[in-house]
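Here the sequence shown is numbered in my numbering, starting from 1301 and rising by one per residue.
In what follows, a single structure is set out as structure tokens and then discussed.
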Amino acid sequence: MTRKHVGKLMLLALLLCALCVGLSGCIVDPDGQRQSNNDASTWNRYTYTPVPEENTPEPEETPTPDPNQQSWDAPSDGPLEAATPSPTIGAATIPPELVTTETPSPDPNATESTMIKRGDQGERVRNIQESLRRLGYFEGKADGDFGEYTENAVKEFQRMNKLTPDGVVGPSTLARLGSSSAATAAPKATATPKPTATPKPTKRVTATPKATATPKVSNVYLSRGNSGDKVKQMQNRLIALGYLDGKASGRVDGITEAAIIAFQRRNSLDADGVAGPGTLEKLYSSSARKASSAVGVIGVTLKKGDEGDAVRTLQSRLKSLGYLSGTVDGSYGTATEDAVKAFQRANGITADGKAGSGTLSKLFEDDAKSSSSSASGTSSRTTATPVPNTYIRVTKAPDGSYVTLEKGTMGTLVSKLQRALKNAGYFRGTVDGYYGDDTVDAVKRFQRDKGLIQDGKAGPATQRYLYEGDFPNES
1301 MTRKHVGKLM
1311 LLALLLCALC
1321 VGLSGCIVDP
1331 DGQRQSNNDA
1341 STWNRYTYTP
1351 VPEENTPEPE
1361 ETPTPDPNQQ
1371 SWDAPSDGPL
1381 EAATPSPTIG
1391 AATIPPELVT
1401 TETPSPDPNA
1411 TESTMIKRGD
1421 QGERVRNIQE
1431 SLRRLGYFEG
1441 KADGDFGEYT
1451 ENAVKEFQRM
1461 NKLTPDGVVG
1471 PSTLARLGSS
1481 SAATAAPKAT
1491 ATPKPTATPK
1501 PTKRVTATPK
1511 ATATPKVSNV
1521 YLSRGNSGDK
1531 VKQMQNRLIA
1541 LGYLDGKASG
1551 RVDGITEAAI
1561 IAFQRRNSLD
1571 ADGVAGPGTL
1581 EKLYSSSARK
1591 ASSAVGVIGV
1601 TLKKGDEGDA
1611 VRTLQSRLKS
1621 LGYLSGTVDG
1631 SYGTATEDAV
1641 KAFQRANGIT
1651 ADGKAGSGTL
1661 SKLFEDDAKS
1671 SSSSASGTSS
1681 RTTATPVPNT
1691 YIRVTKAPDG
1701 SYVTLEKGTM
1711 GTLVSKLQRA
1721 LKNAGYFRGT
1731 VDGYYGDDTV
1741 DAVKRFQRDK
1751 GLIQDGKAGP
1761 ATQRYLYEGD
1771 FPNES
């Protein structure tokens, strides 16, 4: 039905209403009572005079219906689900062209929380990286950038935890990352153990030290008690060849003397402990043979908690003297500290458990007391002490000549002889001033090496060879 039809219907309805009023001829008294003839004027006031048809105004054109209102000519199919809350007219329905159908969009948070993959960035990626780091799969910086390295770490985690190794962090992977039963990364076994590394002394020996060209060794003799730059230079060369450990002290002590003897023996030289021209020339040459292990430690203080070759050398010496029963492992622990204290007590050194220069020097002396001699309450000096009146004290000659020393003599001249023999590597006993069997044996070995008569007596010829012109003050 068009707007024109609606207008005609409304006009017809108005005409019908006017006709009904005209036919009634009167109206009802407002008070509900019939008016009398005397009240004719009053009645005429209420008489309805109909309006002529031709003067009736045309009704206004019906306005275009609002989209929210029902159409008059459309059948009613019921209200739409998405209609706005405006009043409806009768049972009319909204025109189909005004109905909009919208497809509900998925929740974006659901996609982001269940699928984190390569190319993503943000705080959640950083949290994933931290979780992977805690479990041992991720070693880089947790920068919140899901790159190739993070993806590979996720794949490895998924493989170890029996998940699909696709590198995408979905609900299953997230749940597993936060689980207390998540499998950690497999330990890396590609690192080479430290023991296989070549010892430092071996590496340093390849380069010829400057000492090969600089020192003049024609008239140099370095022995126990000497000190200075030449001694330090010699010690550095012994360290480079592996005979010593530590730092050069610049003084020939018992440790350095033992290293000199070890070098001489390994290089087929006279093992007298004195670094003379022949020993030094061989020492600084490129053909010098290296040591298989260090003889001693110099210039350092070893204490509990230290580790390395120096500690291993210390432990080996303590073990050979019977103070250490544990393993030589290069670790200065409680057992090594107790062994050092026992050695210090037995040898008259302050028992602080630290192996300083004094302790180390005494430790590598030939007369260092062993654990067995300390436990028995005896010492090498005690066992060597002769019965009274069996040794004759010898004094220096008035004319300054050498005094022949032999078994049964005693005094400062014997002590001087023993010390020289010890420095030369022949005497292993205690320098006690008593000419006993150990001194006789040392003199015989020295005489054999020097081509002298091996009678065990230290006569003028033997002493002249031994002292090399350094006549004792007592003679």
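C-beta atoms are modelled at their ideal positions from N, C-alpha and C, and glycine is treated no differently.
All of these numbers come straight from a predicted model, not from anything done at the bench.
Same chain, Cβ closer than 6 angstroms to residue i, five either side skipped, listed in chain order
i	result
K1707	Y1735 and V1740
A1639	L1618, Y1623 and L1624
S1616	V1628
G1467	E1451, V1454 and K1455
R1459	P1465
D1738	G1729
Heavy atom of the ligand NAP within 7 angstroms of residue i beta-carbon
i	result
Y1767	Of ligands this structure carries none, so the ligand NAP is not represented either.
Burial state of residue i (16 or more Cβ within 10 Å)
i	result
A1562	buried
K1716	buried
K1516	exposed
S1620	exposed
E1557	buried
E1448	exposed
Q1533	buried
G1729	buried
Q1421	exposed
D1755	exposed
K1662	buried
G1390	In this predicted model, G1390 has a pLDDT of only 44, less than 50, meaning its place in the structure is not dependable enough to derive any value.
G1525	exposed
S1431	buried
T1634	exposed
A1546	It is worth fixing the name first, because residue 1546 is Gly in this sequence and not Ala. Buried: at least 16 other Cβ atoms inside 10 Å.
Assumed close pair residue i, residue j - CB separation to whole angstroms, cut-off 8 angstroms
i	j	result
G1630	V1611	5 angstroms
G1733	V1714	5 angstroms
Y1691	T1709	7 angstroms
S1527	R1566	That belief does not hold up - the Cβ atoms of S1527 and R1566 are roughly 25 angstroms apart, past 8 angstroms.
K1603	K1654	5 angstroms
K1445	V1469	This sequence places Asp at residue 1445; Lys is not what is there. Going by Cβ atoms, the distance from D1445 to V1469 rounds to 14 angstroms, so no, they are not a contact pair.
K1590	L1541	5 angstroms
Y1632	V1574	Contact flag wrong, Cβ pair sits at about 33 angstroms.
Y1642	S1671	In the sequence as presented, Tyr is not what sits at residue 1642; that position holds Ala. Contact holds; Cβ gap of about 7 angstroms.
A1548	G1599	6 angstroms
A1482	N1461	6 angstroms
I1555	F1664	5 angstroms
T1601	G1656	4 angstroms
Three-state secondary structure (DSSP) of residue i
i	result
M1415	coil
L1541	coil
E1607	strand
L1713	helix
Y1734	strand
V1520	coil
L1649	Reading off the sequence, residue 1649 comes out as Ile, not Leu. It is coil, neither helix nor strand.
G1573	coil
V1552	coil
V1469	strand
D1445	strand
I1598	strand
Q1421	strand
G1528	coil
I1692	strand
Y1767	helix
L1311	helix
A1758	strand
A1825	The structure shown does not extend to residue 1825, since the chain spans only 1301 to 1775, so no value can be given for it.
L1624	coil
L1463	coil
L1316	helix
G1546	strand
S1657	helix
S1431	helix
Cβ-based neighbour list, residue i, same chain, cut-off 7 angstroms, excluding 5 preceding and 5 following
i	result
G1608	G1630
G1436	T1484 and A1485
L1463	S1472, T1473 and R1476
G1440	Y1449
D1570	Q1564 and D1749
G1711	R1693, V1694, T1695 and G1733
Proximal residues to residue i (C-beta, below 8 angstroms), its chain only, five neighbours per side dropped
i	result
V1731	D1667, S1715, Q1718, R1719 and K1722
S1518	P1577
Y1819	The first residue shown for the chain is 1301 and the last is 1775, placing residue 1819 beyond what the model contains.
Y1767	A1720
L1580	P1515, V1517, V1520, L1522 and M1534
Interface flag, residue i vs chain C, CB-CB below 8 angstroms
i	result
N1427	The structure shown has no chain C; it contains just one protein chain.
The segment 1642 to 1650 / the segment 1585 to 1602 touching (three or more Cβ pairs under 8 angstroms): The segment 1585 to 1602 and the segment 1642 to 1650 do not touch, with fewer than three beta-carbon pairs separated by less than 8 angstroms.
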